[in-house]
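**Student:** If you read the sequences in order, they're chains A and B.
For the first sequence, UniProt numbering gives the first residue as 1, with consecutive numbering after it.
For the second sequence, UniProt numbering gives the first residue as 1, with consecutive numbering after it.
Beta carbons: idealized from backbone N, C-alpha and C, even for Gly.
None of the values given here were measured: they were computed from a predicted structure.
Protein chains: 2
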Amino acid sequence: MTAIPPDAVVAAWVRLVRARHRVLGAVEAELKRAGFPPLAWYDALLELRRAGEAGLRPYQLEGAMLLAQYNLSRLVDRLAAAGHVVRAPTPADGRGQVLTITERGCALLAAMWPAYAAAIGRHMGAHLTEAEAATLAALLDRLLAPPAEPG
Amino acid sequence: MTAIPPDAVVAAWVRLVRARHRVLGAVEAELKRAGFPPLAWYDALLELRRAGEAGLRPYQLEGAMLLAQYNLSRLVDRLAAAGHVVRAPTPADGRGQVLTITERGCALLAAMWPAYAAAIGRHMGAHLTEAEAATLAALLDRLLAPPAEPG
DNA sequence: GCCATCCGGATGCAGTTGCATCCACCATGC
DNA sequence: GCATGGTGGATGCAACTGCATCCGGATGGC
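1. First and last residue of the alpha helix (DSSP H) that includes B:PRO146?
2. Alpha carbon to alpha carbon, how far is B:LEU109 from residue 155 of chain A? Give it in angstroms, no decimals.
3. Helix, strand or coil for B:THR102 per DSSP?
4. Could you tell me whether any Cβ in chain B is nearer than 7 Å to the Cβ of A:GLY121?
5. Given this structure, state the Cα-to-Cα distance separating A:MET124 from B:TYR42, to the nearest angstrom.
6. Does the region 24 to 33 of chain B come close enough to the region 43 to 57 of chain B that 3 or more CB-CB pairs lie under 8 Å?
7. Any idea what DSSP makes of B:LEU61, helix, strand or coil?
8. First and last residue of the alpha helix (DSSP H) that includes B:ARG22?
9. For a contact defined as C-beta to C-beta under 7 Å, what are the partners of A:ASP141 on chain B?
10. Is there a C-beta anywhere in chain B that falls below 7 Å from the one on A:PRO6?
11. Quick check on DSSP: helix, strand or coil for A:GLY151?
12. How would you call B:GLU53, buried or exposed, if buried means at least 16 neighbouring beta carbons within 10 angstroms?
13. Assuming B:GLU28 and B:LEU16 are in contact, meaning their beta carbons sit under 8 Å apart, how far apart are those beta carbons, in whole angstroms?
14. Hey, out of B:ALA51, B:PRO89, B:LEU99, B:PRO91, whose CA is closest to B:LEU72's CA?
15. Alpha carbon to alpha carbon, how far is A:GLY83 from A:ARG104?
16. Among the residues of its own chain, which have a CB less than 7 Å from the CB of A:VAL23, if the five just before and after it don't count?
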């Protein structure tokens, strides 16, 4: 159980961290230069747009984005303060709320996507063929599978 | 220049961020549970051990780890406060300093590695064959290549 | 020698994260 | 109906990050 992993695994691990650091840094920097908010805003708004008028409960959004509860709570604070999101009480559950994206939020998504996509293309796509990207995506997916069961 | 990247690239991008988040989170959590400091400490000490008695200048360490200058400055503060690293003035350059790892720092590296390696194995190795890990490492390496030159 | 500039490194401050805890409300047993 | 425990979400506080700036020493022009 505590066997040392093969070199290739350690190499992949190191590169995973570094590549993500590098590409994310470059992409976020581009977006910031263009005057856009952090990517977390984009992700949250994207989920909310996908949910449509029904909206999402904060805990659902928390599950969809891999984000800690307190962290999401404060992200929603900021999104609401900026007018991208509306918090409404739930009829069904007095403790909870429903989050829905506003027009303004949709507009932000629409404005960000071209810049975001271009940045992804520049910092990721430019380094890979389409086939390589597909292979990479498939391999990374393996890492997202549920953790290996203890035999 | 602002072409939308193909779906496979976007898919790889999303999975890159999520996979790193997931695996890093799991690995760091394991190390923390075992009472160890954050991985940044390990990385820094590893570089310093590699440099041996000659040590490293902070700006060299900054380059080796992808870490902002002010950030490194404070990481070194913490490492020094914990006795893992020694700051000494440079004879060659009055502004600078040389960082060297202490016995205690080496001991920490030695203590952390088994736990770290086991965590990598569990959260990364368990999901991939060795060949897949090698492919993944190679693909991620492409992302670390210098940015594409503007034609 | 003297000045302007640059570079290595530190630091004050604001914004963000992690952790622990708290509050309110739901659900269950009785 | 009321105590008990669980769940959704917020928040005080300490740690950490990013940014801008600052300081002191090096370097180059003259």
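**Tutor:** The relevant details are as follows:
1. Element bounds for B:PRO146: n/a, residue is neither H nor E.
2. Because chain A is modelled from 1 through 151, residue 155 of chain A falls outside the range shown and cannot be assessed.
3. coil
4. yes
5. 28 Å
6. no
7. helix
8. 7 to 33
9. ARG15
10. yes
11. Confidence at A:GLY151 is low in this model, with a pLDDT of 37, below 50, so the placement of that residue is unreliable and no value is reported for it.
12. exposed
13. With 8 Å as the limit, B:GLU28 and B:LEU16 do not qualify as a contact, their Cβ atoms being about 18 Å apart.
14. B:LEU99
15. 7 Å
16. HIS123, MET124
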